Amino acid sequence: MTIQHQHRRVEASGPTSPARLRAAARLSTIGRVAFLLPVVAFVVIFLLVPVVRSLILSMQDWTMRSFVTGEAPFIGFDNYARVFSDPAFTRVAWQTTVFTVVSLLVQYVIGLALAIFFSRRFPLSMLLRSLMLIPWLLPIVVSATTWRWMFHQDYGVINARLFDGTDIGWLSTPELSLWSVIIANIWLGIPFNLVMLYGGLQSIPDSVYEAAAIDGAGPWRIFTSITFPLLRPVSTVTLLLGLVYTLKAFDIIWVMSRGGPVNSSHTLSTWSYQFAFETERALGVGSAVATILFFIAVVFGFFYMWTLRREARQ
Amino acid sequence: MRRRRFRTLVNTVIGLFLTAVMLFPLYWMINVSLTPSHELLSTNPPLFPQDPTFDGYRSALSQQLPSLATSITIGIGTAFFAMLIAIPAAYAMSKLRVRGSEPIMVVLLVAQLLPAVVLTMALFALYARVGLINTYPGLIFANATAAIPLSVIVLRAFMNRIPDELLEAARVDGAGKLRMLHAIVIPLSRNAIITASLLSFLIAWADFIFARSLTSGNEIVPFTLALFRFIGADTTNWNGVMATAVIASVPAILLLTVAQRYIAGGITAGSLKD
């Protein structure tokens, strides 16, 4: 940094004429911008245009016919009206809330407990902690397929070993399907919480703990008045990111239950997909639901960005 | 002293137990893949393969090889394309300090939060117009929407640690910006580039929603889609299904062992600070 500054100053006071310098500077700016152009082009074509397209789509009557003819009449907010008046809407909105909140809290609590446990020094702790991350790296379709088979009513290991062979229809009973999907999703999210919170714990200096121990604080007291408060910034980021990831969740639900039976395990994410690609091929209605989801994600997304900034400043 | 050793031993035992519980689904996947089909269709499935069979793997390899090849093609394509765009971008942001880097970075961070269903529908409508449905490039671009933001974040965080003095020295020697990238930044960022490529590959490898929505028929069927169709058909060939799942997990496990040091850091780099 300093060298570059000095260098610039030397250039500025050099014998070259100001006009030539400015021209050279302009050329160098163009040269630098050229490296950024591909990513800008990609962001515009494959992220900004699709977001705008999806907003427009949510106000169009887009059906399979549009796929062929390319015509999709503009219908204003009719798709949204249809979504809000759909009898399943409140149900799906409630399920989305339950799915998100329960997944998030349980993942966090288990992740934190594991992070604290693995902060202790004992043989194999490093190895075991990294093995815990495997579920994170597996394709979700693979994990979902495995959970689906484990939850199988007749041949699943969960019924056979944990429920004494009772044939509980985990994925075929409307009262249970959402909870089955939540259990699998919690499992998926634990590694992320573990990594984030473990990282946070490592950044708390040992001296703080030592001081507390000298003052005679017990383990619970240390947790409530040191670990947890000092971990708060990391916890906030973990929960906010986890929240957005959970809202987005699609594969796990779709592979395990397709949102069924009778809409009982749909979230806004899978429900929108069902409108767009399954029953009706109504891309417009699907986009309306997706847009609602998008705005919820954006609100929390900005919250997340704001937290990051505030932390960076501190 | 002895008491302390005992306590660490207890911790190891607890740790082993917790890991075993956490990894049980993985164990179950492997167990089922090795168990004969008829034993699986029982209300009391065996906890370990008593007479292991490779039938599942045989049927997986005879049926799923094309879909694994398809996934590999899309994965390599995505990794390559993502690097092509992300390396110069990270270089411009980190080392050339191009103005406008900040807002682009914010867009990339926000892009990671974008629900895939939103993108899928929009891309479907857009692809239908330009003929990208059912094409490899179509899927590679779609996967790159996730791979590029992550790659830029990982690469930029790494390049920030390369001392400016190195580049300055090269500049004094008359090296241009392209040459500095080629001769200094890329070789020094090798590990980060490997990590970002692997993560990009893994994103495409694991993709399900784009494959399911932006393709139709049997032309392009990545293994995730094949697996989904497999179980959708209410198959009785569950050891074949699980053998496919095991094979599909191999890249992830390899990744964990090869690039373990970088991955966790890479994924959390963007989320915490850079």
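Sequence order for the protein chains is V and X.
Okay, so the first sequence: first residue is 1291 according to the working numbering, each after it adds one.
Okay, so the second sequence: first residue is 279 according to the working numbering, each after it adds one.
No residue lacks a Cβ here, since even glycine has one placed at the ideal position from N, Cα and C.
Because the structure is a prediction, the values reported are computed rather than measured.
{"Asked": "Reduced DSSP secondary structure (H/G/I, E/B, other) of Gln1350(V)", "Found": "strand"}
{"Asked": "Exposure label - Gln328(X); buried when at least 16 CB within 10 Å", "Found": "exposed"}
{"Asked": "Nonlocal neighbours in the same chain, by C-beta distance under 7 angstroms from Phe1590(V), ignoring five residues either side", "Found": "Leu1530, Leu1533 and Val1534"}
{"Asked": "Contact under 8 angstroms by Cβ, Ala368(X) with Val376(X)", "Found": "no"}
{"Asked": "CB contact below 8 angstroms: Ser1303(V) versus chain X", "Found": "Note that Ser1303(V) scores a pLDDT of 42, beneath 50, so its modelled location is shaky; the value from the coordinates is reported in the next line. For Ser1303(V), the answer is no, since every Cβ of chain X falls outside 8 angstroms of its Cβ."}
{"Asked": "Sub-8 angstroms separation of Ala474(X) and Ser429(X) beta-carbons", "Found": "yes"}
{"Asked": "The stretch 1467-1485 of chain V: positions lying closer than 9 angstroms to chain X by Cβ", "Found": "Ala1474, Trp1477, Ile1480, Pro1481, Phe1482 and Val1485"}
{"Asked": "Minimum Cβ-Cβ distance from Ala406(X) to chain V less than 8 angstroms", "Found": "yes"}
{"Asked": "Contact list for Ala435(X) against chain V, beta-carbon separation under 7 angstroms", "Found": "The premise fails here: Ala435(X) is roughly 13 angstroms from chain V at the closest Cβ pair, so nothing lies under 7 angstroms."}
{"Asked": "Below-8 angstroms beta-carbon distance, Tyr369(X) vs any chain V residue", "Found": "yes"}
{"Asked": "Whole-angstrom distance between Pro1308(V) and Gln1294(V), CA atom to CA atom", "Found": "Here Gln1294(V) scores only 43 on pLDDT, less than 50, and its place in the model is too uncertain to base an answer on."}
{"Asked": "Nearest-angstrom Cα separation, counted from Ala523(X) out to Gly1360(V)", "Found": "39 angstroms"}
{"Asked": "Test item: CB-CB of Val1388(V) and Val1579(V) under 8 angstroms", "Found": "no"}
{"Asked": "Ser1423(V) - containing alpha helix (DSSP H), residue span", "Found": "For clarity, residue 1423(V) is Leu in the given sequence; the question names Ser instead. Where Leu1423(V) is concerned, there is no enclosing alpha helix (DSSP H), given that its DSSP letter is neither H nor E."}
{"Asked": "Distance between beta carbons of Ala1474(V) and Ile1400(V), contact taken as under 8 angstroms", "Found": "Actually they are not in contact, since the Cβ atoms of Ile1400(V) and Ala1474(V) sit about 14 angstroms apart, beyond 8 angstroms."}
{"Asked": "Buried versus exposed, by CB contacts within 10 Å (16 or more), Gly452(X)", "Found": "exposed"}
{"Asked": "Residue from Leu417(X), Gly353(X), Val384(X) and Leu404(X) with nearest C-alpha to Glu497(X)", "Found": "Leu417(X)"}
{"Asked": "Closest by C-alpha distance to Ser372(X), when choosing among Val1323(V), Ser1554(V) and Ala1501(V)", "Found": "Val1323(V)"}
{"Asked": "Same chain, Cβ closer than 8 angstroms to Asp333(X), five either side skipped, listed in chain order", "Found": "Pro314, Ser315, Asn517 and Gly518"}
{"Asked": "For Asp485(X), the first and last residue of its enclosing alpha helix (DSSP H)", "Found": "Where Asp485(X) is concerned, there is no enclosing alpha helix (DSSP H), given that its DSSP letter is neither H nor E."}
{"Asked": "Residue-chain proximity (Gly1532(V), chain X), Cβ-Cβ < 8 angstroms", "Found": "no"}
{"Asked": "Other residues of its chain near Phe1364(V): CB distance less than 7 angstroms, five sequence neighbours each side excluded", "Found": "Met1349 and Gln1350"}
{"Asked": "Inter-residue spacing [alpha-carbon to alpha-carbon] between Leu1427(V) and Leu1394(V)", "Found": "19 angstroms"}
{"Asked": "Secondary structure of Phe1367(V), DSSP reduced to three states", "Found": "coil"}
{"Asked": "Test item: CB-CB of Pro323(X) and Ala1450(V) under 8 angstroms", "Found": "yes"}
{"Asked": "Own chain, CB closer than 7 angstroms to Leu445(X), minus 5 neighbours either side, in chain order", "Found": "Lys373, Met458 and Ile462"}
{"Asked": "In chain order, each alpha helix (DSSP H) run of at least 4 residues that lies wholly inside the stretch 361-438 of chain X", "Found": "379-389, 394-408 and 414-437"}
{"Asked": "For Val1471(V) and Ser1547(V), believed in contact at Cβ under 8 angstroms, the rounded distance", "Found": "6 angstroms"}
{"Asked": "Beta-carbon proximity of Met437(X) to Ser467(X), cut-off 8 angstroms", "Found": "yes"}
{"Asked": "Candidates Glu1500(V), Ala1378(V), Leu1484(V) and Thr1463(V), of which the one nearest Ala1403(V) by Cα", "Found": "Leu1484(V)"}
{"Asked": "Rounded Cβ spacing between Ser1344(V) and Ala364(X) (contact assumed at less than 8 angstroms)", "Found": "With a Cβ gap of about 24 angstroms, Ser1344(V) and Ala364(X) do not count as contacting."}
{"Asked": "Cβ-based neighbour list, Arg1258(V), same chain, cut-off 7 angstroms, excluding 5 preceding and 5 following", "Found": "The structure shown does not extend to residue 1258(V), since chain V is modelled only from 1291 to 1604, so the question has no answer here."}
{"Asked": "C-beta neighbour in chain X for Val1333(V), strict 8 angstroms", "Found": "yes"}
{"Asked": "Nonlocal neighbours in the same chain, by C-beta distance under 8 angstroms from Ile464(X), ignoring five residues either side", "Found": "Ile365 and Ile471"}
{"Asked": "Rounded separation between Ser1562(V) and Trp1469(V) - CA only", "Found": "20 angstroms"}
{"Asked": "Any 3 or more C-beta pairs closer than 8 angstroms across the stretch 1442-1459 of chain V and the stretch 1485-1499 of chain V", "Found": "no"}
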